[in-house]
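Everything below concerns the one structure shown next.
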Amino acid sequence: MATPYTLNQYPWWKYLLIGLVILWGLIFALPNLFGEDPAVQISGARANIAIDPAFQARVAALLDTEKLPHKRLELEADRLLVRFTDPEEQLKAADILKDRLGRDYIVALNLASSEPGFLRALGLNPMYLGLDLRGGVHFLMQVDMDATIKQVEDSYVEDVRAQLRAAKVLYTSVGRAANGGIRVEFKDGAERDKATQVLHQQLPSLQQTEPDPLSLKLTLGEPEIREKRDFALQQNITTLRNRVNELGVAEPIIQQQGNDRIVVQLPGVQDTARAKEILGATATLEFRLADEENDWTQAAATGRIPLNSRLYKDREGRPVLLQKRVMLTGDSIVDAASGLDQQSGGPAVFVTLDGKGAKRFEDATKDNIGKRMGVVFIENKTETKRVDGELKKTAYTVEEVINLATIRDRLGRRFQITGLDSTREARDLALLLRAGALASPIEIIEERTVGPSAGKENIAQGFRAAMVSLLVIAAFMIGRYRWFGAIATAALAANVVLIVAALSMLQATLTLPGIAGIVLTMGMAVDANVLIYERIREELRNGNSPQAAIHAGFDRAFDTIIDSNLTTLIAAIMLFGFGTGPIKGFAVTLSIGILTSMFTAVTGSRALVNFIYGGRKLQKLAV
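According to the numbering used here, the sequence shown is numbered sequentially starting from 14.
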């Protein structure tokens, strides 16, 4: 039987283990003591744009010329980071650099961690803060609904041609009308009447009108227009969500705003330039046969483009003449992966098509073996320039041939695209194709980095709430339980450190609701100590010795503490599983806090009690 002198004693290894856990918490929580610098991040719009010491000197000279003070410039791999001390200087510098550097560079606002280099070398990072605390990137995107309808009409143009050919109806031309819709021209009225019947049977959703005796106009019905617009909006939301997942952003917010806008919030994003680049890109691909019958250079020099051809430029700016007819679009791509071409060793993207696209591509290439085929990369971009003191945005489209190769064999479900500048470009293109093509082009009409002002205020308020709670709890516990209350307060402080350390190690995102979860956890942690201390008091009233009362108090309250915390943990897991956004943030901190509080309130506080009172002859107990 244990004597009072052997009760409440831990072996040395238990103290060591508990000390190591607390030390681990302090180390992982340490990076959160350092703040962040407002910064401007500059990267190349294309992989072949050099970000080197010469460019760094150029940027430094621009800032000095404009008398914009900055902390320092940091050159990292393929980007340049300019740190500032004041957010106002950051915003001014971003506007000037966007205007002076031009389209070849992506200039984005950023918040760069100011933790020392030795912590980064050890792989220690601060926890992510949500958009309401740290800030992040906020995008408001406009979906081009006119382009949506244009794409639908373009697809109907091919369907109309196919149906008329199948019915052997003679027509002179089929194409989109200038004011919208599809216009079909005929040589005589009889063929037009025949076409009217065929198209009414095969394409009943198209509304028919007769502008003149030799033409037929087809337009989309209002229900179909609404359906296509809704589909384009939802498809773009799905695609953006897939792209955000590829970026690895924690707890993003992607939601519809109005009938044609999408809000994207990326809390805790470090590389805002890459986020803007990936989200705003359309990554549309078109496969077209080369026009081998006409001279490319002459067409470029004279501006006389053959009727059934289009003039493009390749990566080097050389003219390329391709047929108007599209063999395949990026809509048929279901998977894409980057790699290296086995023959040339250069970067490549390996593409997988769906069944319908594979059949169409196979039929198109088997009849054109030996001919050249161009891969056209199409991207919609916006440029912001300062005109007469005001910032104005201009939309433009980049269309360039990234690959021109001879068709050596019939192409089917799987093939590869080469001619890319770098492995990074191959990875980005594969990412965009894998995430899915945007159903309609989008334009970023509002971009802002939330942080320095509102974020700091929210952090300050949350910190004050946590500190006031801690102080009030400490005062109550010390006033009621004296030295045992002080032990509970120390365990509570250790609990907060462990929560921050766990969030940092897991790179979880802390939001305002997450701070609420931490404050709630603080109350639950001392609740466990209250149960233990009240049990000790009860044992003392029953006539047990102080050492026996301490031993019985911790042992007999343990089951009650486990049951109460387990039920709360189950509720937190359900909140995480079925909740979204801020609710998930609350559930994460609550779950971590429950686990750490059980350790500090039971194991940690008992270790302190055993260290102070264990093995001693006690006449009475200050509890």
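Virtual Cβ for every residue (Gly too), placed ideally from N, Cα, C.
Computed from a predicted structure; not experimentally measured.
**Message:** Tell me the DSSP secondary structure of Val182 in three-state form.
**Reply:** Mapped onto the sequence shown, residue 182 falls at position 169. Three-state DSSP puts Val182 in coil, outside helix and strand.
**Sheet register partners of Phe667 (DSSP bridge)** = The chain is shown from 14 up to 636; residue 667 falls before or after that span and cannot be answered.
**Message:** Tell me the rounded alpha-carbon separation between Met535 and Trp25.
**Reply:** Within the sequence shown, the letter at position 522 stands for residue 535. Within the sequence shown, the letter at position 12 stands for residue 25. The alpha-carbon atoms of Met535 and Trp25 are separated by roughly 29 Å.
**Message:** Alpha carbons only, please: which of Gln356, Pro332, Tyr494 and Ile382 is nearest the one belonging to Leu415?
**Reply:** In the sequence shown, counting from the first residue as 1, residue 415 sits at position 402. The question names Leu, but residue 415 in the sequence shown is Ile. Checking every option, the nearest Cα to that of Ile415 belongs to Pro332.
**Request:** Provide the residue(s) that pair with Lys230 in DSSP beta bridges, ordered along the chain.
**Result:** Position 217 of the sequence shown holds residue 230. Lys230 pairs with Arg196 and Thr222.
**Message:** Could you compute how far the alpha carbon of Ile62 sits from the alpha carbon of Leu516?
**Reply:** Position 49 of the sequence shown, counting from 1, holds the residue named residue 62. Position 503 of the sequence shown, counting from 1, holds the residue named residue 516. Whole-angstrom Cα-Cα distance: 37 Å.
**Message:** On the DSSP bridge list, what partners appear for Leu177?
**Reply:** The count along the sequence shown starts at 1 and reaches residue 177 at position 164. Paired residues: none, contrary to the question.
**Prompt:** In terms of residue numbering, what span does the alpha helix (DSSP H) encompassing Val95 cover?
**Reply:** Residue numbering aside, residue 95 sits at position 82 when the sequence shown is read from its first letter. Here Val95 belongs to no alpha helix (DSSP H); instead the beta strand (DSSP E) covers Arg92 to Arg96.
**Span separating the alpha-carbon of Tyr28 from that of Leu511** = By one-based count along the sequence shown, residue 28 stands at place 15. By one-based count along the sequence shown, residue 511 stands at place 498. In a straight line, the C-alpha of Tyr28 is about 17 Å away from that of Leu511.
**Message:** Check this for me: beta carbons of Ala501 and Val539, under 7 Å apart or not?
**Reply:** As a working mapping, residue 501 is identified with position 488 in the sequence shown. As a working mapping, residue 539 is identified with position 526 in the sequence shown. A contact, by the Cβ cut-off of 7 Å.
**Prompt:** Just how far apart, CA to CA, sit Val485 and Ala506?
**Reply:** Stepping through the sequence shown from its first residue, residue 485 is reached at position 472. Stepping through the sequence shown from its first residue, residue 506 is reached at position 493. Their Cα atoms are separated by approximately 13 Å.
**Asked** What number of angstroms, rounded off, separates the C-alpha of Thr522 from the C-alpha of Val622?
**Response** Translated into positions along the sequence shown, residue 522 becomes position 509. Translated into positions along the sequence shown, residue 622 becomes position 609. Rounded to the nearest angstrom, the two C-alpha atoms are 35 Å apart.
**Request:** Return helix, strand or coil for Phe612, following the three-state DSSP convention.
**Result:** Residue 612 sits at position 599 when you count from the first residue of the sequence shown. It is helical.
**Prompt:** According to DSSP, is Pro465 helix, strand or coil?
**Reply:** Residue 465 sits at position 452 when you count from the first residue of the sequence shown. In this predicted model, Pro465 has a pLDDT of only 45, less than 50, meaning its place in the structure is not dependable; the value taken from the coordinates is given anyway. Here Pro465 sits in coil by DSSP.
**Prompt:** How about Val211 and Ala180: are their beta carbons less than 7 Å apart?
**Reply:** Here residue 211 corresponds to residue number 198 of the sequence shown, with the count starting at 1. Here residue 180 corresponds to residue number 167 of the sequence shown, with the count starting at 1. Yes, Cβ-Cβ distance for Val211 and Ala180 is below 7 Å.
**Message:** Could you tell me the alpha carbon to alpha carbon distance between Glu460 and Ser345, rounded to whole angstroms?
**Reply:** Position 447 of the sequence shown holds residue 460. Position 332 of the sequence shown holds residue 345. Glu460 and Ser345: Cα-Cα distance of roughly 31 Å.
**Item:** Euclidean distance between Cα positions of Ala570 and Ala487
**Value:** Within the sequence shown, numbered from 1, the residue matching residue 570 stands at position 557. Within the sequence shown, numbered from 1, the residue matching residue 487 stands at position 474. Rounded to whole angstroms, Ala570 to Ala487 spans 21 Å at the Cα level.
**Request:** Find the nearest neighbour of Asp380 within the set Thr419, Lys369, Leu366 and Ala125, judged by alpha-carbon distance.
**Result:** Stepping through the sequence shown from its first residue, residue 380 is reached at position 367. The shortest Cα separation from Asp380 among Thr419, Lys369, Leu366 and Ala125 belongs to Thr419.
**Asked** Rounded to the nearest angstrom, how far is the Cβ of Leu292 from that of Val277, given a contact under 8 Å?
**Response** As a working note, residue 292 is residue 279 in the sequence shown. As a working note, residue 277 is residue 264 in the sequence shown. Their Cβ separation, rounded to whole angstroms, is 6 Å, which keeps Leu292 and Val277 in contact under 8 Å.
**Asked** Taking three-plus beta-carbon pairs below 8 Å as touching, is the segment 40 to 56 in contact with the segment 121 to 134?
**Response** yes
**Request:** To the nearest angstrom, report how far apart Lys80 and Ala73 are at their CA atoms.
**Result:** For the purposes of this step, residue 80 is identified with residue 67 of the sequence shown, where counting begins at 1. For the purposes of this step, residue 73 is identified with residue 60 of the sequence shown, where counting begins at 1. So the two alpha carbons sit approximately 10 Å from each other.
**Request:** To the nearest angstrom, report how far apart Pro465 and Arg550 are at their CA atoms.
**Result:** Sequence index remark: in the sequence shown, residue 465 carries index 452 (1-based). Sequence index remark: in the sequence shown, residue 550 carries index 537 (1-based). With a pLDDT of 45 at Pro465, under the threshold of 50, the predicted position of this residue should be treated as unreliable, and no value is reported.
**Item:** Glu564, DSSP secondary structure in three states
**Value:** Here the question's residue 564 lines up with position 551 in the sequence shown. According to the sequence shown, residue 564 is His rather than Glu. In the structure shown, His564 sits in a helix (DSSP, three-state: H, G or I).
**Asked** Got a sec, what are the start and stop residues for the beta strand (DSSP E) Ile55 sits in?
**Response** Residue 55 sits at position 42 when you count from the first residue of the sequence shown. That run of the beta strand (DSSP E) goes Glu49 to Gly57.
**Asked** If you draw a straight line from the C-alpha of Ile250 to the C-alpha of Arg196, how long is it?
**Response** As a working mapping, residue 250 is identified with position 237 in the sequence shown. As a working mapping, residue 196 is identified with position 183 in the sequence shown. Looking at the two C-alpha atoms, the distance is approximately 33 Å.
**Asked** CA-CA distance, Gln632 and Gly556?
**Response** Taking the first residue of the sequence shown as 1, we reach residue 632 at position 619. Taking the first residue of the sequence shown as 1, we reach residue 556 at position 543. If I take the Cα positions, the gap works out to 12 Å.
**Candidates Val601, Asn578 and Glu552: closest to Phe567 by CA position** = As a position in the sequence shown, residue 567 is number 554, starting the count at 1. When each option's Cα is compared against that of Phe567, the closest is Glu552.
**Item:** Cβ shell of Gln336 (< 8 Å), same chain only, five flanking positions each side left out
**Value:** In the sequence shown, counting from the first residue as 1, residue 336 sits at position 323. So the list reads Arg301, Leu302, Ala303, Asp304, Asn321, Ser322 and Arg323, once near-sequence residues are dropped.
**Request:** Can you give me the Cβ contacts of Ser453 inside the same chain, cut-off strictly under 6 Å, excluding the 5 residues immediately before and after it?
**Result:** Here residue 453 refers to the residue found at position 440 of the sequence shown. So the qualifying residues of the chain are Val156, Asp157, Ala160, Thr161 and Ala245.
**Prompt:** Measuring CA to CA, which of Leu582, Pro319, Leu279 and Val543 is closest to Asn123?
**Reply:** As a position in the sequence shown, residue 123 is number 110, starting the count at 1. Selected option, being the one with the closest Cα: Leu279.
**the segment 133 to 150 in contact with the segment 311 to 318 per 3-pair CB rule at 8 Å** = no
**Asked** Helix, strand or coil: which one does DSSP assign to Gln520?
**Response** Your numbering for residue 520 matches position 507 in the sequence shown. Note: Gln520 maps to coil in three-state DSSP.
**Asked** Between which two residues does the alpha helix (DSSP H) containing Tyr28 stretch?
**Response** Residue mapping note: residue 28 aligns to position 15 of the sequence shown, counting from 1. Its alpha helix (DSSP H) spans residues Trp25 to Ala42.
**Request:** Under the assumption that Leu366 contacts Arg426 (Cβ atoms under 8 Å), give the Cβ distance between them as a whole number of angstroms.
**Result:** Locating residue 366 in the sequence shown gives position 353, where the first residue counts as 1. Locating residue 426 in the sequence shown gives position 413, where the first residue counts as 1. Leu366 to Arg426, Cβ: 5 Å. Contact.
**Item:** DSSP-derived helix/strand/coil call for His83
**Value:** Locating residue 83 in the sequence shown gives position 70, counting from the first residue. If DSSP states are grouped into helix, strand and coil, His83 belongs with coil.
**Request:** Name the two residues that bound the continuous beta strand (DSSP E) containing Asn123.
**Result:** What you label residue 123 is simply residue 110 of the sequence shown in a count that begins at 1. Unbroken beta strand (DSSP E) run through Asn123: Tyr118 to Ser126.
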